[in-house]
Each structure stands twice: as structure tokens, then as C-alpha cells.
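Worksheet for the structure shown next.
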Amino acid sequence: MTTRFAILAAATPPAQAARAKLVARYGDTSPEDATHIVALGGDGFMLETQHRFLGRNPPVFGMNLGSVGFLMNEFREDDLHARIAAAQVAHLHPLRMRAHTAGATHAALAINEVSLLRETRQTAKLRILIDGKERLAELICDGALIATPQGSTAYNLSAHGPIVPLSANLLPLTPISAFRPRRWRGALLPADAKLVFEVLEHDKRPVAAVADYTEVRDVRRVEVRQDRSITLTLLFDPDRNLSERIIAEQFVG
């Protein structure tokens, strides 16, 4: 099969300049007709690209022209066909959020994490159920989040949650500035777990739910589970595949 690239770039001048060089050298195909997506930018642009093609699942090969570039490969102009042919594949599944307000239900997909966040100066009060069983009757906090393995290195890590290897089949549940129980540091859930957050005292302590880019305010109940009917495919150079990066990130000071 002939490899046809759709070369997409963030709006920054370095990414746009790199795109022009690659298009001149390798050509460009519309995303609808491409066999592979080449994404030029940082991790934020990779997340945008993944959301753009949710449900279609073209393999995405990212090259870093941003800052951290955890999900990106090194930018090089040479040997793009050979690099993609030799790339190692990472298959990822998003989280599906159903957020219930007083009068509606909102559905969204999260590739990194679903977060619950307090909306005012008042702390949030959350009840947590896993597979229908109450696990925490009351968590007083700024919020809480459930992350994918990919997302475990993002906001979850900043909130002092654990990094989860891709092969672990686990999802980290992490509190954000927990006040009570003060020593609760979160949990690791099976990938097929169904998580429910119930917002206690929601009128006094309003809470927003956020699935990557989608925010729903004044939620009463939020249900989250992994959606394995949707697969995302990322491509990585063999010497720096995603599993290796996630393991290495655990040893960074």
C-alpha cells in the first residue's frame, strides 16, 4: 500500500515552516485520503489532532516543534517514509464521560483525563462509587480526576498522581488538593471499571466536569468509563516508543 501523508501543523511559525519543508519534499494529501497523519507541534497539538480524528483512527506520527513533546518524535526532515514504516505502534482508548446537570446529560470523550473542579471558593464534596459500590462516602477537595495511561503523565502527574504504563491496564484516580480524608492519595482502577462521582451539596458547592476540552458546569453526577470501541493509533520511533517514555518519566527528578 502506498503511504500518503496528510501533514498538519500547529499555528506557530516553527511548525508552519517545518510543514512547508516537508510538503515540498514529500507532498501532501487531504486528511480524508491520507493513510497517515503527520502532526507538527507540541503535545497540545497532538491532543487536538487525536480529537479531530476520533472514530476514524488514522495512524498519527508526531514530530516535536513545541516545548515538552512527550507524545512527539524528534523533528527530522530526512527518511520520513522509512521512519513511519519502522515505527512502533501504541493503541490507546479514550474515556467516555456522561455529566448530569439539573436538566440535561452531556456526553464527551477524553483522551487525557476527566476532571471535576470546584467552581467557587467553597471546596467540593464528592462521593465516589466504583462499579456501583461506594468507595469514598465524602471527599472534600478542590477536585479529582481520572486519567488514561497517556494522560497519567499530564495533569494527573502534576496533581501527584502515579504514572501508569500502557500495558498495566489501569486508570489512575487522583484527588486534587484533598482536605478530607487528608491522607488519601488516590487509587488505581481496572481499565474496565465504571466510576461515578456524585456531587454533594451541589447548590452550595458547585462543581464543573471537564473532559479534555469539554467543560460542563454545575454537574450533579458524572459517570466515566473507558470506551474500548474507539482506538487511537500513535506511531513512535523504536528507540523512544511511548511505553519506554512512560517508564523513563518515572525516574525523572
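Here the numbering used here is used: the first residue of the sequence shown is -11, the next is one more, and so on.
From the three backbone atoms N, C-alpha and C, an ideal C-beta is built for every residue, glycine too.
Keep in mind the model is a prediction, meaning the values are calculated, not measured.
- Take Glu126, set aside five residues on each side of it, and the residues of its chain with a beta-carbon closer than 8 Å to its own are Lys113, Leu114, Arg115, Arg168 and Leu188, in chain order.
- The residue among Arg44, Gly29, Asp67 and Glu36 with its C-alpha nearest the C-alpha of Met60 is Gly29.
- Inter-residue distance for Pro160 and Ser55 is about 25 Å (C-alpha atoms, whole angstroms).
- Across the structure, Arg193 and Arg109 are spaced so that their CA atoms are roughly 9 Å apart.
- DSSP lists Gly131 as the bridge partner or partners of Ile164.
- Taking every protein chain shown into account, the CB of Ile25 has 16 or more other CB atoms within 10 angstroms, so this residue is buried.
- Here the region 140 to 159 does not lie against the region 191 to 210, with fewer than 3 beta-carbon pairs under 8 Å apart.
- Residue environment for Ser217: exposed (fewer than 16 other C-beta atoms within 10 angstroms of its C-beta).
- About 6 Å separates the beta carbon of Leu133 from that of Asn144, a gap short enough to meet the 8 Å contact definition.
- For Pro178, the enclosing beta strand (DSSP E) starts and ends at Ala175 to Pro178.
- Here DSSP, grouped into helix, strand and coil, assigns Val11 to helix.
- Judged by pairs of C-beta atoms under 8 Å, the region 193 to 211 touches the region 86 to 93, as three or more such pairs exist.
- Going by DSSP, Asn52 is part of the beta strand (DSSP E) stretching over Val48 to Asn52.
- Secondary structure of Ser231 (DSSP, three-state): helix.
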